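Below is one structure, written out as structure tokens, with a few remarks after it.
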Ligand code: G3I
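In mature numbering (1 follows the signal peptide of the UniProt record, and there is no 0), the protein residues as written are 12 to 316.
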């Protein structure tokens, strides 16, 4: 196959990208988007600050632009993200206790209900675990409402859109030996054993020299999948260039292909110039939209799998 999406489809997987609504008028951008990808994530437009700028007042214009463009082209959508400690609207940032808990649950319910039937998978909760060696939860206003805030969010999302897959999404959870990975694993195992509705785990996969692609990535993905959830690479980017970068991309794709329940891969942007990283060249297309060595290695490994 000659595109990322078609190559991934050969093994029943998808290949997606993050999309920014304000770039949909850029024909180079949209040309690559329409040609290469079959799954779309809104980079910012479906987050809490974007969708509920004032409490109880919802705003779906930019999210809709992305969802409609994607679905109009026959692509699916990953929803990102219903509950997160970051990118909260101002009114939510200083809330706490039971009023924050009910505001969060109302947000989950309203947003998931609005997009009901249009979302393949929701990142219900994003980045709730702490970095470092504790393996525990990150401190946040949401965490301080009680340790059960995550499962409450998943139950609300399931009620609102019973057919969407519900994911927990985080970063630095790629290396099996890291405490954070173990912390998330233990939560998912607990959720599965108690019947909390969780269907998938997202691995953001933002890699650089300080945080390289781990050699045990397939072990991590396989161990999570063995808990009875799908796994997905949700925000892939890898700092670097040339054949070294290409090799690391190949390793990530291979790790996914080696796990039956790894259902797809999403890169966090199209061209290097679209990346959230202020400098650097972490994506598959250069600033002019040309395919990089990393693109070719990803396409080849998808075609071989
Ligand atoms: O929209 C405003 C614009 O009006 C204003 O003029 C401009 C000036 O700073 O800011 C614009 O908002 C920025 C927004 O991106 C859109 O470009 C925010 O400041 C900036 O903070 C925001 O960054 C996003 C970041 O999440 C925020 O946490 C990045 O685009 C986005 O790529 C990044 O994505 C996250 C995932 O959601 C979760 N995982 C990590 C990943 C990378 O950080």
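Backbone N, C-alpha and C fix where the C-beta goes; we use that ideal spot for every residue, glycine too. Since the structure is predicted, the reported quantities are computational estimates derived from the model, not experimental observations.
Can you have a look at residue i and say buried or exposed, based on whether 16 or more other CB atoms are within 10 angstroms of its CB?
i, result
"residue 392", "Because the chain is modelled from 12 through 316, residue 392 falls outside the range shown and cannot be assessed."
"residue 289", "exposed"
"residue 241", "buried"
"residue 308", "buried"
"residue 137", "buried"
"residue 99", "buried"
"residue 134", "buried"
"residue 183", "buried"
"residue 83", "exposed"
"residue 21", "exposed"
"residue 127", "exposed"
"residue 248", "buried"
"residue 159", "exposed"
"residue 150", "exposed"
"residue 12", "exposed"
"residue 53", "buried"
Look up residue i in the DSSP assignment and say whether it is helix, strand or coil.
i, result
"residue 46", "helix"
"residue 302", "strand"
"residue 160", "helix"
"residue 95", "strand"
"residue 207", "coil"
"residue 294", "coil"
"residue 283", "helix"
"residue 77", "helix"
"residue 243", "strand"
"residue 180", "strand"
"residue 271", "coil"
"residue 25", "strand"
"residue 288", "coil"
"residue 68", "strand"
"residue 197", "helix"
"residue 224", "coil"
"residue 102", "helix"
"residue 14", "coil"
"residue 213", "strand"
"residue 141", "coil"
"residue 172", "coil"
"residue 311", "helix"
"residue 55", "coil"
"residue 152", "coil"
"residue 186", "coil"
"residue 236", "helix"
"residue 85", "coil"
"residue 31", "coil"
If you compare alpha carbons, which of the options is closest to residue i?
i, options, result
"residue 116", "147, 135, 164", "164"
"residue 129", "13, 303, 86", "86"
"residue 131", "275, 196, 294", "275"
"residue 300", "294, 282, 121, 254", "282"
"residue 72", "29, 293, 173, 125", "125"
"residue 91", "109, 112, 245", "245"
"residue 46", "29, 197, 161, 16", "16"
"residue 209", "172, 51, 302", "172"
"residue 239", "272, 28, 220, 191", "272"
"residue 269", "234, 292, 96, 178", "234"
"residue 80", "107, 29, 93", "29"
"residue 148", "78, 286, 192, 188", "192"
"residue 263", "170, 43, 215", "215"
"residue 226", "199, 188, 110", "188"
"residue 50", "303, 277, 292", "277"
"residue 218", "94, 39, 27, 287", "287"
"residue 26", "32, 280, 118", "280"
"residue 56", "77, 44, 108", "77"
"residue 298", "175, 37, 310, 265", "37"
Consider the Cβ of residue i: report whether some Cβ of chain C lies at a distance smaller than 8 angstroms.
i, result
"residue 237", "Although the question refers to chain C, the structure presented lacks it and comprises just one protein chain."
### Message
With three or more C-beta pairs closer than 8 angstroms as the rule, is the segment 57-75 touching the segment 94-105?
### Response
The segment 94-105 makes contact with the segment 57-75: 3 or more CB pairs, one atom from each, lie closer than 8 angstroms.
### Task
Could you say if the segment 66-83 and the segment 143-161 meet the contact criterion of at least three C-beta pairs nearer than 8 angstroms?
Judged by Cβ distances under 8 angstroms, the segment 66-83 makes no contact with the segment 143-161, as fewer than three pairs qualify.
### Message
Count Cβ pairs between the segment 193-210 and the segment 255-264 that sit closer than 8 angstroms; are there 3 or more?
### Response
Output reads no: the segment 255-264 does not touch the segment 193-210.
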